[in-house]
Each structure stands twice: as C-alpha cells, then as structure tokens.
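One structure below.
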Amino acid sequence: MWLIQEIKELSAAALKHLYQFDIAPDQILVNDTKPEFEGDYTVVLFSFVKQVKMAPDALGQQLGAYLTEQHPQLFTGFQVIKGFLNLTVADAYWTTFIGQSAQMQAFGRSEKSGKKIMVEYSSPNTNKPLHLGHLRNNFLGWSIAAILEETGYDVTKTCIVNDRGIHICKSMVAWLRDGSGATPETTGKKGDHLVGDFYVLYNTLFKQEVDELVQNGMLREDAEKNAPILLEAQQMLVDWEAGKTQVMELWQKMNSWVYDGFQKTYDRIGSDFNKTYYESNTYLLGKDLVETGLSKKVFYQKDDTSVWIDLTADGLDEKIVRRRDGTSVYMTQDIGLAVQKFEEFGCEESIYVVGDEQNYHFKVLKLICEKLELPGAKGIYHLSYGMVELPTGKMKSREGTVVDADDLLDEMTAIARQKTEELGKVKDFQPNELEELYHTLGLGALKFFLLRVDPQKKMIFNPEESIDFHGFTGPFVQYTHARICSVLRKLGDKVQSSEIIATKNWLPLERSLAKKIENYPLLLIEAAQEHNPSKLAIYLFELAKIFNSFYAELSIAQAESDEKQLLRIKLSKLTAQILERGLNLLGIQAPQRM
48 MWLIQEIKEL
58 SAAALKHLYQ
68 FDIAPDQILV
78 NDTKPEFEGD
88 YTVVLFSFVK
98 QVKMAPDALG
108 QQLGAYLTEQ
118 HPQLFTGFQV
128 IKGFLNLTVA
138 DAYWTTFIGQ
148 SAQMQAFGRS
158 EKSGKKIMVE
168 YSSPNTNKPL
178 HLGHLRNNFL
188 GWSIAAILEE
198 TGYDVTKTCI
208 VNDRGIHICK
218 SMVAWLRDGS
228 GATPETTGKK
238 GDHLVGDFYV
248 LYNTLFKQEV
258 DELVQNGMLR
268 EDAEKNAPIL
278 LEAQQMLVDW
288 EAGKTQVMEL
298 WQKMNSWVYD
308 GFQKTYDRIG
318 SDFNKTYYES
328 NTYLLGKDLV
338 ETGLSKKVFY
348 QKDDTSVWID
358 LTADGLDEKI
368 VRRRDGTSVY
378 MTQDIGLAVQ
388 KFEEFGCEES
398 IYVVGDEQNY
408 HFKVLKLICE
418 KLELPGAKGI
428 YHLSYGMVEL
438 PTGKMKSREG
448 TVVDADDLLD
458 EMTAIARQKT
468 EELGKVKDFQ
478 PNELEELYHT
488 LGLGALKFFL
498 LRVDPQKKMI
508 FNPEESIDFH
518 GFTGPFVQYT
528 HARICSVLRK
538 LGDKVQSSEI
548 IATKNWLPLE
558 RSLAKKIENY
568 PLLLIEAAQE
578 HNPSKLAIYL
588 FELAKIFNSF
598 YAELSIAQAE
608 SDEKQLLRIK
618 LSKLTAQILE
628 RGLNLLGIQA
638 PQRM
C-alpha cells in the first residue's frame, strides 16, 4: 500500500474510533505539505468537521495526537494550521521504503489485472500525409496504451484508416488530370506526400472552375455544385462503390503509396498497432443492427423509409442511422465496428482517441449502443483532445497550410542539433551517435510538449520553446537522466552495493526526493484511470527539478559518510529508473549521456 492511501485509511479508522464517524478512506483528501510548513503530508479536515461537530483546529489536534500515539513507527510529529493537519513521517519509513524499492526490477509497475482495454488512435485519411494534429493523436493514443499496460491492463492498439469516400476520389481525379503518371519513384516523394499534393491541387482546380462558371453568369452556390472536377469526383465514387475495375486499380495503387508513406512516419515516431481496420472493409457494417433497432423500437422509420433514433429525451436530438436509399451513415458503421471489435477482442473498455470536434458523435454512439444493449457498450470512452494550433493560427489541409509531420520532425532534429552544439558538451560523440542523439532529443521534445498539456485543452505548439534544456521540456528531463547516469558511472562498483540503508537524520532534500519517488506508482494509476498522460509528464518534470536541487546541494561522491553515500546512490538510481521508464511510457528515449 502506498503511503498516501495508508494515511487515508489510518485517518478513517481514527475518525471512527474517536468520533464514531464513518467515512470512506478515498473521501479523505491528503496532499503534500506545502514547503513553507513543517511536515510531509497534509490531511484536509474541512470536509468532515460538521459531521464530528468540532472546530477544525481542535479536531486536528485530537486526530494528530491519536495518529502519532497509535502509529509511532510511521509518524513522529504533527502540526495543525487553520484546518490542515500536517503529519511528519518517520525517517525509518523512508529508510525501509528506499531500501526495498531499490531492489525492485520494475518499480511502479502493477500486476496484471486481466482486464482488457482497446485503444484506437491515429485514424488518418488517405488523401493527405500525417500532420501536427495527427501527431498529438498518435502520441496520446500510444502513451495512454503504454500507461494502461504498465498499470496491469491487457491492451490492444488499433487504427481505423479512412481509405474511401469523396476525399480520396478528389486526389485520384487530380492525379488523372495533371499527374502525368507521377509515382513516388519518379518524383522522389513519399507516397503520402505525393497524394496529398494532388488533394491540394484538386482544390486549386475546383476554385478555378467555380470562378469561371461564376464569370459566365452562374450563381456561386450553383457553381460550387456543378464544377466539372467535382462531378468527376462524385462519379468516381459511384464507380468505386460499383467496383469498376479501372477505378479500383487506381484507388489501390494510390492508397498503397499512402500506406507506405504512413508506415515510414509511424516507424519514425514509434507508433504501432496490433490491428488496422480499413473503412473500405467496414463501411457496410451495422446494416443488420438497423433492423434489430427497429424490432426493439429503439429506431423508427419515416415515411420516406429513412431510419432514425430520437434522442431528445436524453438531451440530444434526432439522428439518422439509414438513408432513404438504404445506405448507411458513419454512425451506423461505427456501431457495427464496435460490435466487431468486441467480438474479436472482448475488451471491457474501448477508448477512442479523437479530436473534440467529434464529442457529439461519440455521445450518440455510446448512447445508441447502450439502447441496443450491445456487448461492451458501457465501456465506450471518448478520449477527447483539443486541436493543436501554431502561433500563426489554425491549419487547413485543403489549402496546404498544415504542418506536415515529416517536415516538423526534420525541423525538431535541426533545432536539437543547434541547441546541443551551443552547449558544447558532445565533443566525445561519434558522428553516428550525434545523429541518433539529435533525433532522440528532437522527437522527445516534440512528444513531451504535446503530452504535457491536459488532452482536453487546446494548445499552441512552439518548436523553439519545446526544446529548451532548462524549461518544462523533454530535453530537460532527458538531460537530468543523463546526468544521473554520468554520476553513477563515476562511482563504479559502489553503485551495485546491496547493503541495507541504516541512516537516520534525513535531510530535507533527501526526504523531498524520497517522497516524490514514493508517489510514482500512485501517479501512474491516476494517469491511467483519468486517461491523461500529462499527469506523468508533469510528474517527471517535477521529479527532475527536485533531483537537480538535490544534486546541487548534496554531494554524492563526497558524502559525509558511507551511510549517506549509499542512501544518495539508491535515491539517484531510483530517480534514474523512474525517469527512464516514465519517459518510455510517453514514447521518449532516455539517453545515457548527453
């Protein structure tokens, strides 16, 4: 049991004994004691002073005295400050904790629970390459999957590729019009970039044709519906759905270019999936469920034969699930795919990592699945995240103004090179080692910057700010890990000592570091439960800051005693272990040297 949880349980038991007041331990709030006050952990008293009918300070005095008297091996003192009970934890507790934790191979990792969870992320369209928004999606999805695995869940990572529809037909029409047979090989471009260029070209040609029609006297609204290139794309979609050979062959060829390009980017950023679904294979799913919904009176049919669900009683509106021509809509497909995924993997929870513009869609999806009583419906969870913008504003893929993922990765590596060379600390690196380091730092900076913000918040990405070695950044945490590794290398065989720590009189910075280390397993569980990797990113930054203060003020190599040196070595090793593993859970490498 972790200390904060133990304090909650002991406090609940004390309230029961002293005042016959029942309270669940998790309803008791325990925080780190503020630095300006004496103590380690603070019990907030205000939530139950009314029930026990005592003034906060009097309650704190009685509760503090009881806890220190009954548990002297854990608490050595207390202080009451305006309704807050500050408890001081015994040195012996920290001594035992650090000694035991230093022997663990995977400190913080939970035992397997047997619970299965699916995380679906990335979900790209095949008419354009991955961009900055996709990067936030991929980093969130991959990281929350890793954190869930670390906390004991059996995780399946999936991706749904939007490989059909009018968007890919637009790129195909533009390629037929002006491609001159261009391929990734003949142009030297990644396939996803090449197809994306034709999507941008389509919109340029479309605007030109609309303007021409308007100049010839047509209303703009009509011109936008009758531009020849749009009609070509619409006909191509009809031909695709009819399975026309020529169209299918072109679709398969251009999509294969895109898949190859996607994979190169996925390999570069470290994204992977256990299974990839393709909309071209799933778009007909869910049709049979419409009939099920009609028979259960969950759905109803209008006079034009279209099928709907009325969700007004649930605070939403009416939603179509089958058009009058018998074709399904995206919602129907998603319902069918949700059933297929549950049948394949049996996951109790299915997490969809999708931008917040789809909040309404996923509310409706979950609600319909619940009303249809589909298996796994209760476990549908939308991990909604805010859009990423640049200091210059929003991105628009149709106009070719998005920040391409590959270009951004190149830029981050270049900035990492510049910043590292300015510091001048890598003269003993070989050229190939330097290139690997620049990539590690650039990608680490990008991931950390995008993950350190609560997913639900919109954010502005600034490449220069993200790679500051002294700020709230990935490179700062990476550098701290490398610094610890350097210190431990210099200490040689002393680092391998398995002696039991027997030190007393812990100094404040030693205690602060031990407390932060002790919080790690509980922090991981919170990040998993809240589906929020930013909690881990913030924790790692705070741990790195505490270690740097510890390192600046307390010597390890020249410690005042062998006992103190052993303690500080074990504290340093645990810090390095947590920084490395924590960064890995964010998809970031922790260099041994920088």
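For reference, each letter of the sequence shown is one residue, going 48 to 641 in the working numbering. Using N, Cα and C, we set each Cβ at its ideal position, and we do this for glycine too.
Among the candidates the options, whose CA atom is the shortest distance from the CA of residue i?
i    : options                : result
M295 : G228, V305, K504, M283 : M283
T89  : K100, K97, G107        : G107
E420 : A385, Y432, E436       : A385
N321 : P568, F131, A193, I276 : A193
G489 : Q477, P510, Y325, D475 : P510
H620 : A575, A461, I564, E573 : One detail in the question is off: residue 620 reads as Lys in this sequence, not His. K620 has its Cα closest to that of I564, out of A575, A461, I564, E573.
R315 : L456, S94, M641, L618  : L456
E607 : A637, Q636, V285, T550 : T550
M219 : T115, A280, G471, A153 : A280
E391 : Y399, K418, P422, G362 : P422
Y598 : D609, I572, L570, H528 : H528
F476 : D69, Q639, W304        : Q639
I276 : Q255, L632, R371       : Q255
T622 : N552, D286, E557, K611 : E557
K410 : V247, N552, E589, D361 : D361
A73  : D307, E573, W287, F594 : For the record, residue 73 in the displayed sequence is Asp; it is not Ala. For the residues D307, E573, W287, F594, the minimum Cα distance to D73 belongs to E573.
Look at the alpha carbon of residue i and the alpha carbon of residue j, and state the distance between them as a whole number of angstroms.
i    : j    : result
Q262 : Q525 : 60 Å
L560 : A591 : 10 Å
E338 : R499 : 45 Å
V96  : L62  : 11 Å
I207 : S327 : 10 Å
K582 : D501 : 8 Å
A492 : G521 : 5 Å
A463 : A289 : 51 Å
G228 : S513 : 41 Å
L134 : T323 : 51 Å
K562 : P555 : 10 Å
G111 : Q126 : 8 Å
Q405 : E458 : 30 Å
L484 : Q147 : 34 Å
H64  : K129 : 23 Å
N479 : H486 : 11 Å
M442 : V450 : Residue confidence for M442 is low, a pLDDT of 45 falling below 50, so the modelled location carries little weight and cannot support an answer.
H408 : D364 : 11 Å
Q543 : K617 : 9 Å
N184 : V400 : 7 Å
A604 : G393 : 53 Å
D269 : V257 : 9 Å
V99  : Y113 : 15 Å
S397 : L266 : 47 Å
Q387 : I191 : 23 Å
G539 : S602 : 16 Å
Q293 : K272 : 25 Å
D357 : V376 : 16 Å
K343 : E167 : 29 Å
Q52  : K611 : 29 Å
K413 : G426 : 9 Å
I136 : E83  : Checking the displayed sequence, the identity of residue 136 turns out to be Val instead of Ile. Spanning the two alpha carbons is a distance of roughly 17 Å.
DSSP beta-bridge partners for residue i?
i    : result
Y408 : One detail in the question is off: residue 408 reads as His in this sequence, not Tyr. In the DSSP output, where bridge partners are listed per residue, H408 has none listed.
A521 : Before going further, note that residue 521 is Gly rather than Ala in the sequence given. Partner(s): none; G521 has no beta bridge.
G402 : Y432
S327 : The partner list for S327 (beta bridge, DSSP) is empty, contrary to what the question assumes.
H178 : D451
M674 : Here the chain has residues from 48 to 641 only, and residue 674 is not among them.
V542 : Bridge partners of V542: none, in fact.
W553 : Paired residue(s): none; W553 is not in a bridge.
W355 : Y347, I367
K322 : T205
I427 : S397
N78  : T89
S375 : R369
N172 : N209
Problem set entry | Every unbroken beta strand (DSSP E) inside the segment 195-253 [3 residues or more] | 201-208
For this session: Pair every Cβ in the segment 330-343 with every Cβ in the segment 376-391, then say whether three or more of these pairs are closer than 8 Å.
Result: yes
Problem set entry | the segment 208-225 in contact with the segment 178-187 per 3-pair CB rule at 8 Å | no
Problem set entry | Any 3 or more C-beta pairs closer than 8 Å across the segment 526-538 and the segment 620-627 | yes
For this session: Note down, one range per segment and in chain order, each beta strand (DSSP E) of at least 3 residues found wholly within the segment 81-154.
Result: 88-91, 122-128, 131-136
For this session: For the segment 469-518, list the alpha helix (DSSP H) runs that are entirely contained and at least 4 residues long, ordered along the chain.
Result: 478-498, 510-513
Exercise. Which whole runs of the beta strand (DSSP E) in the segment 270-319 are 3 residues long or more, in chain order?
Worked result: none
Problem set entry | Stretch-stretch touch, CB-based, cutoff 8 Å, three pairs: the segment 197-207 with the segment 158-176 | yes
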